[in-house]
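Structure first, commentary second.
In the numbering used here, the protein residues as written are 51 to 327.
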């Protein structure tokens with residue numbers, strides 16, 4: 051599996067295992083992923099599964115240095131003390147003394163807060179301190195759109211290493227992707243295979259058939275070929291394995307264009323600039 055070099059020189063596996071909406075049986079699922087060869091596990095405080103993931107890692111016997119762990123700061127902890135508390139709890143639950151990547155899960159937005167810029171800046175400053183202390187090897191953001199990224203960079207001492215956003219065929223958020231790449235910020239895709247509806251899209255299915263792969267594998271390759279780190283998730287052992295070990299192939303330029311412009315059938319409906327949680 052290839053690694054991507056982030057803007058601070060650290061490396062991140064280009065395919066990780068996503069654990070969003072995976073709480074019941076997550077310990078078994080993560081053990082299956084580790085057994086299949088995943089080295090990159092993505093979780094978050096709000097997922098409520100960090101402790102089970104920590105148990106799975108411990109039971110796997112895999113050396114910590116051979117794994118890449120990402121977690122995220124939830125909205126209620128977007129302040130200096132909240133960040134420190136959240137990280138302390140995550141370290142305890144994950145049974146580790148450092149994190150490979152720490153993200154702000156969602157930005158404060160203008161819909162909810164008049165002082166959204168200050169909230170994001172304060173959160174980031176606290177994360178910068180953890181980064182400088184070595185407790186966190188890289189820091190980044192998640193679901194940050196252009197206004198939030200631009201505002202953050204006005205005060206940031208450390209440029210975010212990653213922006214994890216919703217990205218899949220039919221929903222590529224090209225403006226923020228292009229801006230982040232220009233600034234040296236890597237893009238990660240959550241929900242890389244969209245919703246179940248996306249996998250039933252007839253155009254996507256026809257393109258997948260033409261390459262002899264499943265719609266899910268086509269979506270993963272689409273992300274990788276777009277230069278995006280991908281975080282597929284599954285609870286099916288066969289799919290867990292195949293999502294990592296499929297034979298790489300090249301999607302034609304015309305098919306890439308078609309996939310980018312599919313109908314938004316897989317869109318989650320979560321707009322970072324209007325969400326109110």
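All C-beta atoms in this analysis are idealised placements derived from N, C-alpha and C, irrespective of residue type, glycine included.
- Spell out a yes or no on whether the region 220-240 and the region 257-265 are touching, meaning 3 or more CB-CB pairs, one atom from each, closer than 8 Å. Under the three-pair Cβ rule at 8 Å, the region 220-240 does not count as touching the region 257-265.
Would you check if there are 3 or more beta carbon pairs closer than 8 Å linking the region 127-136 to the region 108-119?
Short answer: they don't touch.
Any alpha helix (DSSP H) of 4 or more consecutive residues that is wholly inside the region 179-260: Counting only runs of 4 or more residues that sit fully inside the region 179-260, the alpha helix (DSSP H) segments are 196-205, 224-232 and 246-249, in chain order.
What does the alpha-carbon distance come out to for the pair residue 160 and residue 253? Cα-Cα distance, rounded: 37 Å.
Q) According to DSSP, is residue 295 helix, strand or coil? A) Shown here, residue 295 sits in a helix according to DSSP, grouped into three states.
Identify the continuous alpha helix (DSSP H) that holds residue 265 and give its terminal residues. For residue 265, the enclosing alpha helix (DSSP H) starts and ends at 265-275.
- Task: Identify, in the order they occur along the chain, each residue of the same chain with its Cβ nearer than 7 Å to the Cβ of residue 173, setting aside the five sequence neighbours on each side.
- Result: Scanning its chain for C-beta atoms nearer than 7 Å, with the 5 sequence neighbours on each side dropped, one finds around residue 173 the residues 123, 128, 129, 133 and 154, in chain order.
- Query: Is the distance from the Cβ of residue 151 to the Cβ of residue 187 below 8 Å?
  - Reply: In terms of Cβ geometry, residue 151 and residue 187 form a close pair [threshold 8 Å].
Quiz prompt | Alpha carbon of residue 97 to alpha carbon of residue 286, nearest angstrom | solution = Residue 286 has its alpha-carbon roughly 19 Å from the corresponding atom of residue 97.
Q | Nearest-angstrom Cβ-Cβ length linking residue 197 and residue 118, presumed shorter than 8 Å | A | Taking a contact as a CB-CB distance under 8 Å, the pair residue 197 and residue 118 does not count as one, their CB atoms being some 30 Å apart.
Residue(s) in a DSSP beta bridge with residue 120:
As computed with DSSP, residue 120 is found in a beta bridge with 92 and 151.
Alpha-carbon to alpha-carbon, residue 163 and residue 87:
It is roughly 42 Å from the alpha-carbon of residue 87 to the alpha-carbon of residue 163.
- Message: Just verifying my parser: in three-state terms, what is the DSSP assignment at residue 104?
- Response: DSSP, reduced to helix, strand and coil, places residue 104 within a helical segment of the structure shown.
With contact counted as at least three CB pairs below 8 Å, one residue from each stretch, are the region 193-209 and the region 242-252 in contact?
-> Per the Cβ contact rule, the region 193-209 is not in contact with the region 242-252 (fewer than 3 Cβ pairs under 8 Å).
Would residue 327 pass as a contact of residue 306 if the rule is Cβ separation under 8 Å?
No. Outside cutoff.
request  = Please go through the same chain and pick out, in chain order, the residues whose beta-carbon is closer than 8 Å to the beta-carbon of residue 300, but skip the five residues on each side of it.
outcome  = Excluding positions up to five away in sequence, the list reads 275.
Review point. Helix, strand or coil: how does DSSP classify residue 59 here?
Key: Correct three-state label for residue 59: coil.
Exercise for the section: Report the three-state DSSP secondary structure of residue 129 (helix, strand or coil). Expected result: In the structure shown, residue 129 adopts coil according to DSSP, grouped into three states.
Query - Of the residues 288, 81 and 270, the one placed nearest residue 281, counting alpha carbons only - result: Comparing Cα positions, the closest option is 270.
Pull the bridge partners of residue 279 from the DSSP assignment, please. Per DSSP, 238.
Check your understanding: Taking the C-alpha atoms as reference points, what is the distance between residue 125 and residue 169?
Key -> Near 10 Å, if we compare the C-alpha coordinates of residue 169 and residue 125.
*Using only alpha-carbon positions, find the residue among 294, 221 and 94 that is nearest to residue 82.*
Per the C-alpha coordinates, the member of 294, 221 and 94 positioned closest to residue 82 is 294.
Residues bridged to residue 301 (per DSSP) | None; residue 301 has no bridge partner.
>> Is the separation between the beta-carbon of residue 69 and that of residue 103 shorter than 8 Å?
In response: Their beta carbons are under 8 Å apart, which means residue 69 touches residue 103 by this criterion.
message = On the criterion of 16 or more Cβ atoms from any shown chain inside 10 Å, does residue 177 qualify as buried, or is it exposed?
response = Buried: at least 16 other Cβ atoms inside 10 Å.
Is there at least one Cβ from chain B nearer than 8 Å to residue 218's Cβ?
No chain B is present in this structure, which holds just one protein chain.
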